[in-house]
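Heads up: the protein sequence lines correspond to chains F and S, in order. Everything in the first sequence is counted per the numbering used here, starting at 10 for the first residue and increasing by one. Everything in the second sequence is counted per the numbering used here, starting at 10 for the first residue and increasing by one. Glycine included, C-beta positions come from ideal geometry on N, C-alpha and C. Written below as structure tokens is the structure these notes are about.
Number of protein chains: 2
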Amino acid sequence: MKGSSGPSVPEASLRRLPQYHYYLVGLQAQGITVISCSAIGRDLRYVPVQVRKDLQFTGIIGKPKVGYSVAELLVAIESLLGWNNANEAFLVGTGNLGTAILGHERFSRFGLQVVAAFDNDPRKVGQCVHGKPVLSLECLIPLAGRMNVHMGIIATPPEAAQAIAEEMVKAGIQAIWNFAPVKLNLPEHIIVRNEDLYSSWASLSCKLARRLRVPLEENASLN
Amino acid sequence: MKGSSGPSVPEASLRRLPQYHYYLVGLQAQGITVISCSAIGRDLRYVPVQVRKDLQFTGIIGKPKVGYSVAELLVAIESLLGWNNANEAFLVGTGNLGTAILGHERFSRFGLQVVAAFDNDPRKVGQCVHGKPVLSLECLIPLAGRMNVHMGIIATPPEAAQAIAEEMVKAGIQAIWNFAPVKLNLPEHIIVRNEDLYSSWASLSCKLARRLRVPLEENASLN
DNA sequence: TAGATTGTTAATCGATTAACAATC
DNA sequence: TAGATTGTTAATCGATTAACAATC
Numbered sequence: 010m011k012g013s014s015g016p017s018v019p020e021a022s023l024r025r026l027p028q029y030h031y032y033l034v035g036l037q038a039q040g041i042t043v044i045s046c047s048a049i050g051r052d053l054r055y056v057p058v059q060v061r062k063d064l065q066f067t068g069i070i071g072k073p074k075v076g077y078s079v080a081e082l083l084v085a086i087e088s089l090l091g092w093n094n095a096n097e098a099f100l101v102g103t104g105n106l107g108t109a110i111l112g113h114e115r116f117s118r119f120g121l122q123v124v125a126a127f128d129n130d131p132r133k134v135g136q137c138v139h140g141k142p143v144l145s146l147e148c149l150i151p152l153a154g155r156m157n158v159h160m161g162i163i164a165t166p167p168e169a170a171q172a173i174a175e176e177m178v179k180a181g182i183q184a185i186w187n188f189a190p191v192k193l194n195l196p197e198h199i200i201v202r203n204e205d206l207y208s209s210w211a212s213l214s215c216k217l218a219r220r221l222r223v224p225l226e227e228n229a230s231l232n
Numbered sequence: 010m011k012g013s014s015g016p017s018v019p020e021a022s023l024r025r026l027p028q029y030h031y032y033l034v035g036l037q038a039q040g041i042t043v044i045s046c047s048a049i050g051r052d053l054r055y056v057p058v059q060v061r062k063d064l065q066f067t068g069i070i071g072k073p074k075v076g077y078s079v080a081e082l083l084v085a086i087e088s089l090l091g092w093n094n095a096n097e098a099f100l101v102g103t104g105n106l107g108t109a110i111l112g113h114e115r116f117s118r119f120g121l122q123v124v125a126a127f128d129n130d131p132r133k134v135g136q137c138v139h140g141k142p143v144l145s146l147e148c149l150i151p152l153a154g155r156m157n158v159h160m161g162i163i164a165t166p167p168e169a170a171q172a173i174a175e176e177m178v179k180a181g182i183q184a185i186w187n188f189a190p191v192k193l194n195l196p197e198h199i200i201v202r203n204e205d206l207y208s209s210w211a212s213l214s215c216k217l218a219r220r221l222r223v224p225l226e227e228n229a230s231l232n
């Protein structure tokens, strides 16, 4: 039993959907109203059938020989991703990264609204960062309940992340976006997304090291 | 022909290796010198055989009934990921995100050393951000050649990303870490890693929307 | 109509997991 | 030795791609 909201979207498709979204917004700005899988695939470098499979999860039905309605797709993707109604979120940790996230006003267009930030540094508490109040960590639990916040963002040093996450769970938060490079140990039902920059860096760094290590002539045959 | 550096590591393992690394550093700090797959798996929530498969790519051979040498694993992972010798990198875009990356001094421990930042805002050029000089974009190509820099980080608004990436390629840069939410169109041989925060956000947001949409009783059976 | 494009079923591919022999 | 743990081969699973019928 998968609930009443259709089949669950595979992680891989979920990662591509925002790319289609960004692309479709661009098309709409150019006044283009219909688009085919092959055109999307050409511009975004995916095979057309993959685009088709992904778009099927939106429930939008295309017209053979014509394509899909750009406007319909946009609405459907936003609805599928939950971007149509705002998620209010708390952010903990107002270092460099936390500050950057607070300042990224573009997020608000995609349903993410950070309503308050938290820090344990008394010099920061009481200040505003990018227009958001920085509060003491002790306020997190009482405020989350009162404001009915379901989402938490962790941008603390790794050592603090687990404790903060547990606080968030106690506060009734259901989904956590974790920017600290630690695996969080939390109850099954909490939705966690780890944004591990070291993992990404590893991928890049490994491939470059490989490239620089092997003789130049071999590079062509390397992927 | 896959080059002379052993079999290429699958992306999925590559993403887990930094997690093992972080975990092993912690063990070493506690004075633990050997560790088994089952212990790693228990703490990091992976099945032991997966840990074993991943660790095999390091080339380190464990001792049955004992486990793996923590020190050996650390050295091997660092070498595999190319973290043992510094990659000098250029960063373009000194907005919130670019500033955060520049300030993340922890990266330098993992072989990433940003040597210069670039921006097209004349008010920023000539300043320093987190100790790194901000230069005019025109300096990128000549400097990259002279300093032999192979890595570029893009932290610009999406509209600028493609043009910057092309500049980087002209400058001889071989690997690009792209934080702008656009698919870059570049020659095959350029190594690109997209750090698309919207993709991550989509995954989280979709799952939370689903959770909040379905009746509470069904949540238990939802994953 | 003819041809391009969608929708769908089947085949392929790669990654994860299971099973089990080898070893300290 | 007995038992835990590694290393490896085979089975499973899911995602991608190929093939083809349906449709405007």
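- Proximity to I70 of chain F across F:V56, F:P57, F:Q59, F:A85 peaks at F:A85, based on C-alpha coordinates.
- With fewer than 16 other Cβ atoms from the protein chains shown falling within 10 Å of its own Cβ, I41 of chain F counts as exposed.
- Here the stretch 90-105 of chain S does not lie against the stretch 47-58 of chain S, with fewer than 3 beta-carbon pairs under 8 Å apart.
- Taking 8 Å as the cut-off, the beta carbon of A164 of chain S is found no closer than this to the beta carbon of I200 of chain S.
- Here C215 of chain F is near V18 of chain S, since their CB atoms are less than 8 Å apart.
- Non-local C-beta neighbours of A180 of chain S in its own chain, meaning closer than 6 Å and more than five positions away in sequence, comprise L149, I150, A153, ordered along the chain.
- In the three-state reduction of the DSSP assignment, G68 of chain F falls in the coil class, being assigned neither a helical nor a strand state.
- For C137 of chain F, no CB of chain S lies under 8 Å from its own CB, so it is not counted at the interface with that chain.
- In the three-state scheme derived from DSSP, where H, G and I count as helix and E and B as strand, R54 of chain S is classed as coil.
- Comparing C-alpha distances from A126 of chain F to each of F:E175, F:C46, F:G112 shows the shortest one belongs to F:G112.
- About 6 Å separates the Cβ atoms of K192 of chain S and Q28 of chain F, confirming a contact at the 8 Å cut-off.
- By the neighbour-count criterion, in which 16 or more other beta carbons inside 10 Å mark a residue as buried, G91 of chain F falls on the buried side.
- Short of 6 Å from the beta carbon of R219 of chain F, and not among the five residues preceding or following it, lies no beta carbon of its own chain.
- Nearest to N194 of chain S by C-alpha distance, out of S:N129, S:A98, S:L53, S:V178, is S:V178.
- Judged by their CB atoms, I49 of chain S and Y32 of chain S are nearer to each other than the 8 Å cut-off.
- The C-beta of N105 of chain F comes closer than 8 Å to at least one C-beta of chain S.
- In the three-state reduction of the DSSP assignment, F116 of chain F falls in the helix class.
- Sorting F:I185, F:A211, F:L83, F:L221 by C-alpha distance to the C-alpha of S209 of chain S places F:I185 at the top.
- Within the same chain, and ignoring the five residues on either side of L146 of chain F in sequence, the residues whose Cβ sits closer than 6 Å to its Cβ are F127, N129.
- Residues of chain S with a Cβ closer than 9 Å to the Cβ of K72 of chain F do not exist; the shortest Cβ-Cβ separation is about 26 Å.
- The continuous alpha helix (DSSP H) containing Q171 of chain F extends over residues 167-179.
- Cβ neighbours of L82 of chain F within its own chain (closer than 6 Å, five residues either side excluded): L33, I69.
- Counting the other CB atoms within 10 Å of its CB gives M156 of chain F a total below 16, which places it among the exposed residues.
- In the structure shown, L33 of chain F adopts helical secondary structure according to DSSP, grouped into three states.
- The residue among F:L36, F:Y207, F:L221, F:R222 with its C-alpha nearest the C-alpha of E114 of chain S is F:Y207.
- Rounded to the nearest angstrom, the gap between the Cα atoms of R118 of chain S and N96 of chain S is 11 Å.
- The beta-carbon of T108 of chain F is placed less than 8 Å from the nearest beta-carbon of chain S.
- Closer than 8 Å to the CB of K133 of chain F there is not a single CB belonging to chain S.
- According to the DSSP secondary-structure assignment, E97 of chain F is paired through a beta bridge with F:Q122.
- By the neighbour-count criterion, in which 16 or more other beta carbons inside 10 Å mark a residue as buried, N187 of chain S falls on the buried side.
- Shown here, V138 of chain F sits in a strand according to DSSP, grouped into three states.
- With a threshold of 8 Å between beta carbons, K62 of chain S makes no contact with chain F.
- Within chain F, the residues S214, L217 have their CB atoms less than 7 Å from the CB of N96 of chain S, given in chain order.
- Listed along the chain, the chain F residues whose CB falls inside 7 Å of the CB of Q183 of chain S are L217, R220.
- Per DSSP, reduced to three states, the secondary structure at R155 of chain F is helical.
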